[in-house]
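Under UniProt numbering, think of the first position of the sequence shown as 1, with each following residue one higher. Virtual Cβ for every residue (Gly too), placed ideally from N, Cα, C. Model, not experiment: these values are computed from the prediction.
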Amino acid sequence: MGDQGEVNDIMNQMQKFSWVDYVVFVFMLAISAVVGIYWGFMKKQTTQADYLLGGRNMKVVPVAMSLVASFVSGITLLGSPTEVYMYGTQYAYIIAAIFLMSILMTQIYLPVFHELKLTSNYEYLSIRFDNRVRLFGSVLFAFTLIGWLPIVIYVPALAFNQVTGVDVHVITPIVCLVCIFYTSAGGLQAVVWTDVIQITAMFGAMALVAIKGTIDVGGIGVVWQRNMESGRIELPNWDPNPLTRHTIWSLVVGGLVYWLQANAVNQTMVQRYLSLPTLKGAKWAVILFCIGISLLYCFCVYCGLLIYARFHDCDPLQTKLAKAKDQLLPLLVMDVLGNIPGLPGVFVAGIFSAALSSLSTSLNSMSAVVLEDFYKPFFKKELSDTQSNWLMRGVVILLGTLCVALVFIVEKMGTILQLTMTLESMTMGPQLGVFTMGILMPWVDATGALVGGVSGVAVMSWWCLTAQLAIARGQITHEHKPLDVLGCQYNFTASEVVGDRLDASEDVNPMLQVSYMWYTLSGAVVTMFVGAAVSRVNRARGKPHLPPAPNLLAPQLRRLYKEPPHPTDEPYIRAYGNNKEAAKINSTSINMKSMTECAEIS
Numbered sequence: 001m002g003d004q005g006e007v008n009d010i011m012n013q014m015q016k017f018s019w020v021d022y023v024v025f026v027f028m029l030a031i032s033a034v035v036g037i038y039w040g041f042m043k044k045q046t047t048q049a050d051y052l053l054g055g056r057n058m059k060v061v062p063v064a065m066s067l068v069a070s071f072v073s074g075i076t077l078l079g080s081p082t083e084v085y086m087y088g089t090q091y092a093y094i095i096a097a098i099f100l101m102s103i104l105m106t107q108i109y110l111p112v113f114h115e116l117k118l119t120s121n122y123e124y125l126s127i128r129f130d131n132r133v134r135l136f137g138s139v140l141f142a143f144t145l146i147g148w149l150p151i152v153i154y155v156p157a158l159a160f161n162q163v164t165g166v167d168v169h170v171i172t173p174i175v176c177l178v179c180i181f182y183t184s185a186g187g188l189q190a191v192v193w194t195d196v197i198q199i200t201a202m203f204g205a206m207a208l209v210a211i212k213g214t215i216d217v218g219g220i221g222v223v224w225q226r227n228m229e230s231g232r233i234e235l236p237n238w239d240p241n242p243l244t245r246h247t248i249w250s251l252v253v254g255g256l257v258y259w260l261q262a263n264a265v266n267q268t269m270v271q272r273y274l275s276l277p278t279l280k281g282a283k284w285a286v287i288l289f290c291i292g293i294s295l296l297y298c299f300c301v302y303c304g305l306l307i308y309a310r311f312h313d314c315d316p317l318q319t320k321l322a323k324a325k326d327q328l329l330p331l332l333v334m335d336v337l338g339n340i341p342g343l344p345g346v347f348v349a350g351i352f353s354a355a356l357s358s359l360s361t362s363l364n365s366m367s368a369v370v371l372e373d374f375y376k377p378f379f380k381k382e383l384s385d386t387q388s389n390w391l392m393r394g395v396v397i398l399l400g401t402l403c404v405a406l407v408f409i410v411e412k413m414g415t416i417l418q419l420t421m422t423l424e425s426m427t428m429g430p431q432l433g434v435f436t437m438g439i440l441m442p443w444v445d446a447t448g449a450l451v452g453g454v455s456g457v458a459v460m461s462w463w464c465l466t467a468q469l470a471i472a473r474g475q476i477t478h479e480h481k482p483l484d485v486l487g488c489q490y491n492f493t494a495s496e497v498v499g500d501r502l503d504a505s506e507d508v509n510p511m512l513q514v515s516y517m518w519y520t521l522s523g524a525v526v527t528m529f530v531g532a533a534v535s536r537v538n539r540a541r542g543k544p545h546l547p548p549a550p551n552l553l554a555p556q557l558r559r560l561y562k563e564p565p566h567p568t569d570e571p572y573i574r575a576y577g578n579n580k581e582a583a584k585i586n587s588t589s590i591n592m593k594s595m596t597e598c599a600e601i602s
């Protein structure tokens, strides 16, 4: 007990959050609130397009910065250095997948969504298939978001608790209220401009820690040497075994599909690309996003190496100086920056900036999905701009409040972090599969897409939940890099770090040991395979299927595909009836007109 008391004393000494730090932190929240007031009350968001898409007149650089800010949550900033500290630099090779993703996205997915001038990308599913598929996609999105957001808030609150001792449930509601306020008041303009400020804080915070930490340790040479000696700096692992946690194959191939889902068909990201006036601008935003996110990943990887270089002979996890793995980076920050007033405040502001940008973007996207996918297809009453604005603001406030409440559940259930990542894995692959069938597989019909999507979710639910259960029981663990406590200068009660060896006992199904990096690809493949098979059976049974209009397909397929028959043709009317729903999305171009009249199969 006395040993642990000494550790607690050291922790208390490191919690040097001065009044200057609190001022810096409050200043960051205040700037976000001021941006909300500016865009909400001075530059009023009068129409639905203003609120959700910034009037489709946003600028490329702010949008690209916003994309980086919202994609990088506190989970990434705190989790990536921990990954390097525990398992080495293998994960860094996922950067190759990010750049491959940019090629596929700008050539295949983005042109389709941008030309259709959509608000919600699930609108595409009703034009290409029908409203059932659209509802399936938007419900999956809503469930994933509600499960993910409380964790986005909780993780940086843990970091704040590490450096200040302030209770998680004191800081969480305050930060969320500011976020709910500026998101509901200012719409997408407020979200993007606060993201620009917040990504600057994030880069500044990571750069501060990297530079000051390197100087304290003794220079880059010392960081490199200590990590090389422990085997943390790794060449690509070419092992073809899918059971290996991270290999170049799982990171590049599996990572490519993961990033494609997260960026190319995810409403929170697509909505920002659609806010740009031209397709060329949207493509530039993708490229700038890839560069920005890669730079941030490099910072995170280096900070992981720095944590090991600093604690190479006294692992804070075994001594309980850090209670959770996600508190390693805040611990380094207090060790490196704790004596300089204001700098810990900058770091914590940076971590919370990452959470705020993810939360605000998600709230704004959810308001778009509720209006476009849950209200418009099922209610005939047209809403005025004022009514639409009140509905969207109501969604932001309700969902934000729900997330604050769910933080209490996150804290009580320790394994929910794992479960939420599993929930993402269960839904990501099937969502990508459904969109890919629409854009790249013209022969797939609405029933095939829906059955494929449901099958994908069912298979991935069984797979991911069973694997998580095996991990929770300790049947599956992964070998981590060596951790040492021989050089500790204080007394402590040692505790073992979980994750020592992969238990290859016969009662664990090898399927459950497959690397999590393959989950999204597996879900997409199951979805597309079943969707194509069901569509083939439908054709064999004589069910009519009209080819989609060229505008609904990837640009590469359009010249190979014939224009659908005109909707006044007798066979068309007999098979499909009149489609009033898709006619709402009208355009002056002949192709667009053909598409909107022909698309929905009732």
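Rounded distance between the beta-carbons of residue j and residue i, thought under 8 Å
i    : j    : result
C176 : C403 : 7 Å
S360 : V152 : Rounded, the Cβ-Cβ distance is 11 Å, inconsistent with contact.
A532 : M441 : 6 Å
T520 : G137 : No, T520 and G137 are not in contact; Cβ-Cβ is about 15 Å, not under 8 Å.
A97  : F289 : At roughly 14 Å, the Cβ-Cβ gap does not stay under 8 Å, so A97 and F289 are not in contact.
Y182 : G36  : 3 Å
L78  : V170 : Incorrect: roughly 20 Å between the Cβ atoms, too far for contact.
G448 : S522 : Not really, about 19 Å apart at Cβ, beyond 8 Å.
L469 : S275 : That pair is no contact at about 42 Å.
M105 : L260 : 7 Å
R128 : P547 : Actually they are not in contact, since the Cβ atoms of R128 and P547 sit about 11 Å apart, beyond 8 Å.
R480 : M202 : Looking at the sequence itself, residue 480 is His, so the reference to Arg does not match. H480 to M202, Cβ: 27 Å. No contact.
L486 : D313 : 6 Å
Beta-carbon gap between residue i and residue j smaller than 7 Å
i           : j    : result
M528        : M426 : no
residue 603 : Y91  : With the chain represented from 1 up to 602, any question about residue 603 goes unanswered, as that position is not in the structure.
L208        : M101 : no
V20         : G342 : yes
E382        : S120 : no
Y308        : N227 : yes
L406        : P150 : yes
V24         : A205 : no
S455        : V530 : yes
Y297        : I95  : yes
R393        : S184 : yes
A446        : D167 : no
P330        : V163 : yes
Q189        : S353 : no
residue 603 : G88  : No statement about residue 603 is possible, as the shown extent of the chain runs from 1 to 602 and does not include it.
A355        : S66  : no
G186        : G400 : no
D326        : L158 : yes
Cβ-based burial, residue i [other Cβ within 10 Å; buried from 16]
i    : result
H114 : buried
A540 : exposed
F141 : buried
N509 : exposed
G474 : exposed
M460 : buried
K380 : exposed
M1   : In this prediction, M1 has a pLDDT of 39, which is less than 50 and means its spatial position is unreliable; what the coordinates show is noted afterwards. It counts as exposed.
P544 : exposed
F17  : buried
I180 : buried
R559 : exposed
G453 : buried
W390 : exposed
S384 : exposed
G429 : buried
V433 : Here residue 433 turns out to be Gly, not Val, going by the sequence shown. Buried: at least 16 other Cβ atoms inside 10 Å.
W238 : exposed
P344 : buried
Start-end ranges of the alpha helix (DSSP H) lying completely within the stretch 335 to 413, minimum 4 residues: 343 to 369 and 385 to 412
Every unbroken alpha helix (DSSP H) within the stretch 85 to 146, with a cutoff of 4 residues, ordered by chain: 94 to 104, 110 to 116 and 123 to 128
Contiguous alpha helix (DSSP H) assignments of at least 4 residues, all confined to the stretch 193 to 245: Fully enclosed alpha helix (DSSP H) runs of 4 or longer: 220 to 229.
Cβ contact check for the stretch 207 to 226 and the stretch 290 to 305: 3 or more pairs under 8 Å: yes
Segments assigned beta strand (DSSP E), at least 3 residues, entirely inside the stretch 429 to 509: none
At least 3 beta-carbon pairs within less than 8 Å: the stretch 537 to 555 vs the stretch 458 to 469: no
Meets three-Cβ-pair contact criterion under 8 Å: the stretch 75 to 83 and the stretch 232 to 245: Judged by Cβ distances under 8 Å, the stretch 75 to 83 makes no contact with the stretch 232 to 245, as fewer than three pairs qualify.
Validate contact between the stretch 273 to 286 and the stretch 58 to 76 using beta carbons, cut 8 Å, 3 pairs: yes
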